[in-house]
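K.L.:
One structure, as C-alpha cells, below. Some questions next.
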Amino acid sequence: MKPSYELLIIGAGPAGMSAACEAARNGVEVCVIDDQPEPGGQIYRNASRATAKQNQVLGKDYQQGKNLVDDFKSYGGEYYANVSVWHLDASNQVGVIKAEENYFISAKNLVIASGAQERAMPIRGWQLPGVMYAGAGQILLKGSGIVPRGELVLAGTGPLLLLLASQYLHAGVKIKAILDTTPKGRIVKSLDKLFSGVQGYEYLIKGASLLHHIKAAKVPYYKHVEGLCAVGLDRVNNVSFASATKAGRKVVNISLDVDTLLLHQGIIPNTRLARAAQCETTWDAQQSCWTVATNEYGLCRQNTYVVGDGARVMGAVASRIQGRLCGLHVAESLSKVDSHNWQVLHHDLLKKLRKENAIRPFLNAVYQPADAYLIPQQGDVIVCRCEEVTLSDIQDAVRLGCQGPNQVKSYTRCGMGPCQGTQCSNTLSHIVAKQTDMPMAEVGELRVRSPLSPITLGQIADL
Amino acid sequence: MFELLDDNHEFDTQISFDGKDHLVPSNITVAAAALLIGAKSIRETPVTGAKRMPLCMMGVCYECLMKIDGVGNQRSCQTLVRQGMVIERQIGATEVEAGYYEA
Ligand SMILES: Cc1cc2nc3c(=O)[nH]c(=O)nc-3n(C[C@H](O)[C@H](O)[C@H](O)COP(=O)(O)OP(=O)(O)OC[C@H]3O[C@@H](n4cnc5c(N)ncnc54)[C@H](O)[C@@H]3O)c2cc1C
Numbered sequence: 002m003k004p005s006y007e008l009l010i011i012g013a014g015p016a017g018m019s020a021a022c023e024a025a026r027n028g029v030e031v032c033v034i035d036d037q038p039e040p041g042g043q044i045y046r047n048a049s050r051a052t053a054k055q056n057q058v059l060g061k062d063y064q065q066g067k068n069l070v071d072d073f074k075s076y077g078g079e080y081y082a083n084v085s086v087w088h089l090d091a092s093n094q095v096g097v098i099k100a101e102e103n104y105f106i107s108a109k110n111l112v113i114a115s116g117a118q119e120r121a122m123p124i125r126g127w128q129l130p131g132v133m134y135a136g137a138g139q140i141l142l143k144g145s146g147i148v149p150r151g152e153l154v155l156a157g158t159g160p161l162l163l164l165l166a167s168q169y170l171h172a173g174v175k176i177k178a179i180l181d182t183t184p185k186g187r188i189v190k191s192l193d194k195l196f197s198g199v200q201g202y203e204y205l206i207k208g209a210s211l212l213h214h215i216k217a218a219k220v221p222y223y224k225h226v227e228g229l230c231a232v233g234l235d236r237v238n239n240v241s242f243a244s245a246t247k248a249g250r251k252v253v254n255i256s257l258d259v260d261t262l263l264l265h266q267g268i269i270p271n272t273r274l275a276r277a278a279q280c281e282t283t284w285d286a287q288q289s290c291w292t293v294a295t296n297e298y299g300l301c302r303q304n305t306y307v308v309g310d311g312a313r314v315m316g317a318v319a320s321r322i323q324g325r326l327c328g329l330h331v332a333e334s335l336s337k338v339d340s341h342n343w344q345v346l347h348h349d350l351l352k353k354l355r356k357e358n359a360i361r362p363f364l365n366a367v368y369q370p371a372d373a374y375l376i377p378q379q380g381d382v383i384v385c386r387c388e389e390v391t392l393s394d395i396q397d398a399v400r401l402g403c404q405g406p407n408q409v410k411s412y413t414r415c416g417m418g419p420c421q422g423t424q425c426s427n428t429l430s431h432i433v434a435k436q437t438d439m440p441m442a443e444v445g446e447l448r449v450r451s452p453l454s455p456i457t458l459g460q461i462a463d464l
Numbered sequence: 015m016f017e018l019l020d021d022n023h024e025f026d027t028q029i030s031f032d033g034k035d036h037l038v039p040s041n042i043t044v045a046a047a048a049l050l051i052g053a054k055s056i057r058e059t060p061v062t063g064a065k066r067m068p069l070c071m072m073g074v075c076y077e078c079l080m081k082i083d084g085v086g087n088q089r090s091c092q093t094l095v096r097q098g099m100v101i102e103r104q105i106g107a108t109e110v111e112a113g114y115y116e117a
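Keeping their order, the protein sequence lines are chains A and R. Under our numbering, think of the first position of the first sequence as 2, with each following residue one higher. Under our numbering, think of the first position of the second sequence as 15, with each following residue one higher.
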C-alpha cells in the first residue's frame, strides 16, 4: 500500500469495481480497499466463486456479477481485501487498518462506494437470538452457502424480502409464512409515480414473477401485518402479529411458532464514510433515509465522490453505471481522456443511468416503511442494541430537555456502543422528531467521529 | 438452526468453538460456522448479560463480536474460519488491551 494514489476507492461492490475498471482503463493510478474478504459488494458477494447450486438458487441478476468481478480481479490497479477504514476527513486523508497494522493514505481523488445497509426494524424482541435481517439470510446463502432449517418466517416489506423468499424456495427451504408489513392501499397511492416508471417495466415484471413464484409455492402470505413482536426468553420461539387472513376478513391476532425470524424494512445508504469526509447529507422523505448530495457523476466537491447505493439507493445496475461515470470523470479531470471519447461515452452513460433510475420513485412510494416499524410501539422495545437503551429511556431524556439526538446520546448512551449508531441513529432521530414535532431535516442525526471502526489502543499508539 | 445448501462440501477445517472441537467447511465465516454448529449464542452483552447472535452479517451492526485466537471484539461475520482457529464467546466487555477505543 502506497502513501498516496491518484484515485482511492473505498468499497469493491458494483459501484466501486466499475469506477476502478473505468479509471484504470484510462490510465489512472487506482487503489481499491474493502473490508470484506472478497470483492463483489452486497449483490455480487462471492460471485466469482459461487457453486453451480448457488448460481442456480440466486438467479440471473446475481450471475451477471461474475463478469464484473472477474474484470475487476485483473483491472490493473491495486486491491486490498479485509481493510477497514477507521478515519476519513475533508482533506481526503484516509486511515485504514490492514492485517492489524495502521496506515494513512492520501487520496488525490477519493471515491466512497460504501453501499447500503439494512434499515433497522426495532420491534419487541428483535434482539433475541434467532432473529436476523433478511439480508443476513441472503449473505449466508451467498457467502457461506448455508440456509435456515426448521420453522422459518420472513417479515417486513421491500423487494429484497420477496427476492430472498424466492431464492429460498429455489433452494428447497421451507418457508412457514411471509408477513408483509406494507400498509394497505400503497400500490394505489403510488400509481401516479408509475407513469414515469414505465421505462423500468422490467423491474415490475421481475417483481410480479417473484410474487407469482411465492404464490405458486403456496407459502402462507399475510398482508398489512401490524403489531409484529418476536417472543421468547433466550431465543425467539414465537412471532405474534395482527392481520386479516383473507381479503375482506376481519383482522385477527395470530401467533406462530418459529425457529428463525428474518426481518426486512428496505435498505438505506450507509453514509458514515461520506459524512466523515464532510459530504453534505439531506433527509429524503421518499426513501425515508439520509442521502448524500452529489451530481450524477457522484461528485460532492472537487476530488471527492460518493457513488452507488452509498449515496442513494439506486440498485446494482445503476450503481455500476454511476461507478463507470465516476471513473471516467476522474480520468477526465486528470486530462487522461480525449475530449471526443469523453463526450460520446459520458452522454451514453448518463442516458443509461436516467433510464435505470426511472422506476425508483414508484418503488420508493410502494415500499416506504410504515411509521409503526420506524418507531417502536412499546416503551420497553430496545432501540440501541449495543447499550440496551429502550424507547422509554429516550422519551424520558427528551422530556427532561435533551435537545436532539446528540444530547440524547450523551444522556442515555444510545448510539455509544461498538456499532456507533449504525443500527439506532435513524430510529433515535425519528423518536426525537415525533416527540418534539420537528421535521427530520431539522432534528438531524448522530455525529460521526473517528474511529469509524473499532481500533485498539495499541494501534492508536503506533501512529 | 442452519444447514448447508450443497451436500458436497467437505468438513475439512477444524476449529475450537467455546472449548469444543468441530469440523466445518472452509471458506465460511466464523459467524456462519456458529449458526451451522447450532450455537445458542455467540456473546453476552456488557450491560445485562443478554445472549446475542449475529444480526446483519455485513459488518455494520457489531452484534457478532467474538474472541478469536485470543483477540476480543472481532467481527465474526467478516472473519473466515481457519484450521486450528480458537473461537470463544465474548462475555461482557472485553479487556482494555483489545478493547475498542471510544472517542
Ligand atoms: C444485505 C443486502 C443484500 C442485497 N442483495 C441484493 C440482491 O440480491 N439483489 C439486488 O438487486 N440488490 C441487492 N441489494 C442492494 C445492492 O446491494 C445494491 O443495489 C448494490 O450492491 C449497490 O452497489 P454498491 O457498489 O453501491 O454497494 P455494495 O455492493 O454494498 O458494496 C459496498 C462495499 O463497500 C464495502 N465497505 C463499506 N463500508 C466500508 C468501510 N468502512 N471500509 C471498507 N469497506 C467498506 C462493503 O464491504 C462492500 O463490499 C442488497 C443490499 C443489501 C444491504
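The beta-carbon is built from N, C-alpha and C at its ideal position, and this holds for glycine as well.
Using a C-beta cutoff of 8 Å, does Y80 of chain A count as contacting chain R?
P.N.:
no
K.L.:
State the start and end residues of the unbroken beta strand (DSSP E) segment that holds A100 of chain A.
P.N.:
Note, A100 of chain A: premise wrong, no beta strand (DSSP E); not H, not E.
K.L.:
Under 8 Å, Cβ to Cβ, is there at least one residue of chain A near T43 of chain R?
P.N.:
yes
K.L.:
Exposed or buried, what is Q57 of chain A when buried is set at 16 or more other beta-carbons lying within 10 Å of its beta-carbon?
P.N.:
exposed
K.L.:
Can you say whether K34 of chain R is buried or exposed, counting buried as having 16 or more other CB atoms within 10 angstroms of its CB?
P.N.:
exposed
K.L.:
Quick check: is any heavy atom of ligand 1 less than 7 Å from the C-beta of D72 of chain A?
P.N.:
no
K.L.:
Looking only at its chain, what residues have a beta carbon closer than 6 Å to the beta carbon of E79 of chain A, apart from the 5 residues adjacent to it on each side?
P.N.:
Counting only Cβ-Cβ distances below 6 Å, and skipping sequence neighbours, we find C32.
K.L.:
Assuming P406 of chain A contacts G445 of chain A (C-beta within less than 8 Å), just tell me the rounded distance between them.
P.N.:
Yes, they are in contact, since the Cβ atoms of P406 of chain A and G445 of chain A sit about 7 Å apart, within 8 Å.
K.L.:
Three or more beta-carbon pairs under 8 Å between the region 258 to 270 of chain A and the region 224 to 244 of chain A, yes or no?
P.N.:
Yes, the region 258 to 270 of chain A touches the region 224 to 244 of chain A.
K.L.:
Does the region 37 to 54 of chain R come into contact with the region 85 to 103 of chain R, if we say contact requires no fewer than three beta-carbon pairs (one atom in each stretch) closer than 8 Å?
P.N.:
Taking 8 Å as the limit for Cβ pairs, the verdict is that the region 85 to 103 of chain R does touch the region 37 to 54 of chain R.
K.L.:
Would you check whether ligand 1 has a heavy atom nearer than 7 Å to the C-beta of I44 of chain A?
P.N.:
yes
K.L.:
Quick check on the DSSP output: what are the complete alpha helix (DSSP H) runs of length 4 or more inside the region 260 to 337 of chain A, in order along the chain?
P.N.:
273 to 277, 317 to 334
K.L.:
Determine, using beta carbons only, whether D83 of chain R comes closer than 8 Å to chain A.
P.N.:
False, the Cβ-Cβ gap to chain A never drops below 8 Å.
K.L.:
Taking 7 Å as the cut-off, is the CB of M122 of chain A close to at least one heavy atom of ligand 1?
P.N.:
no
K.L.:
Please compile the residues from chain A whose C-beta is within a distance smaller than 8 Å of the C-beta of H23 of chain R.
P.N.:
G146
K.L.:
Extract the residue ranges of the alpha helix (DSSP H) inside the region 338 to 403 of chain A, only unbroken runs of 4 or more that lie entirely within it.
P.N.:
Complete alpha helix (DSSP H) runs here, min 4: 340 to 358, 361 to 367, 372 to 375, 392 to 400.
K.L.:
Using 8 Å as the limit for Cβ to Cβ distance, is D20 of chain R near chain A?
P.N.:
yes
K.L.:
Can you tell me the Cα-Cα spacing of E58 of chain R and T108 of chain R, whole angstroms?
P.N.:
11 Å
K.L.:
Which value, in whole angstroms, describes the spacing of the CA atoms of C22 of chain A and L129 of chain A?
P.N.:
42 Å
K.L.:
For L19 of chain R, which of helix, strand or coil comes out of DSSP?
P.N.:
coil
K.L.:
What residue ranges within the region 138 to 182 of chain A form continuous beta strand (DSSP E) runs of no fewer than 3 residues, ordered along the chain?
P.N.:
147 to 149, 153 to 158, 178 to 181
K.L.:
Please check the pair G267 of chain A and A114 of chain A, which I expect to be a contact at CB under 8 Å, by giving their CB distance rounded to whole angstroms.
P.N.:
G267 of chain A to A114 of chain A, Cβ: 20 Å. No contact.
K.L.:
At a Cβ cut of 8 Å, what residues of the region 111 to 128 of chain A count as close to chain R, listed as they run along the chain?
P.N.:
Of all residues in the region 111 to 128 of chain A, the ones placed with a Cβ closer than 8 Å to any Cβ belonging to chain R are Q118, E119, Q128, in chain order.
K.L.:
Between A:G77, A:I383, A:A248, A:I255, which lies nearest to S19 of chain A when the distance is taken from Cα to Cα?
P.N.:
A:G77
K.L.:
For the region 13 to 45 of chain A, which residues have a CB atom closer than 9 Å to at least one CB atom of chain R, in sequence order?
P.N.:
From the region 13 to 45 of chain A, only D36, Q37, P38, Q43 have a Cβ closer than 9 Å to chain R.
K.L.:
Taking 7 Å as the limit between beta carbons, can you name the residues of its chain near E388 of chain A, skipping five residues before and five after?
P.N.:
R414, C415, M417, G418
K.L.:
Taking its Cβ as the centre, do 16 or more other Cβ atoms sit within 10 Å of T27 of chain R, making it buried, or is it exposed?
P.N.:
buried
K.L.:
Taking the C-alpha atoms as reference points, what is the distance between S320 of chain A and R250 of chain A?
P.N.:
42 Å
K.L.:
Helix, strand or coil, according to DSSP, for F25 of chain R in the structure here?
P.N.:
coil
K.L.:
If we ignore side chains and look at the alpha-carbon of each, how far apart do N86 of chain R and Y104 of chain A end up?
P.N.:
Before going on, a small fix: residue 86 of chain R reads as Gly here, not Asn. So the two alpha carbons sit approximately 22 Å from each other.
K.L.:
Does chain A have any CB closer than 8 Å to the CB of Q28 of chain R?
P.N.:
no
K.L.:
State whether the region 368 to 377 of chain A contacts the region 156 to 165 of chain A, with contact taken as three or more CB pairs (one from each stretch) at a distance under 8 Å.
P.N.:
yes
K.L.:
Quick one: what's got a C-beta closer than 7 Å to T391 of chain A's C-beta in the same chain, skipping five residues either side?
P.N.:
G380, D381, V382, I383, V384
K.L.:
Consider the C-beta atom of I456 of chain A and the heavy atoms of ligand 1; say whether any pair is separated by less than 7 Å.
P.N.:
no
K.L.:
Heavy atom of ligand 1 less than 7 Å from the Cβ of M2 of chain A, yes or no?
P.N.:
no
K.L.:
Is F31 of chain R buried or exposed, if buried means 16 or more other CB atoms sit within 10 Å of its CB?
P.N.:
A residue is called buried once 16 or more other Cβ atoms fall within 10 Å of its Cβ, and F31 of chain R is buried on that count.
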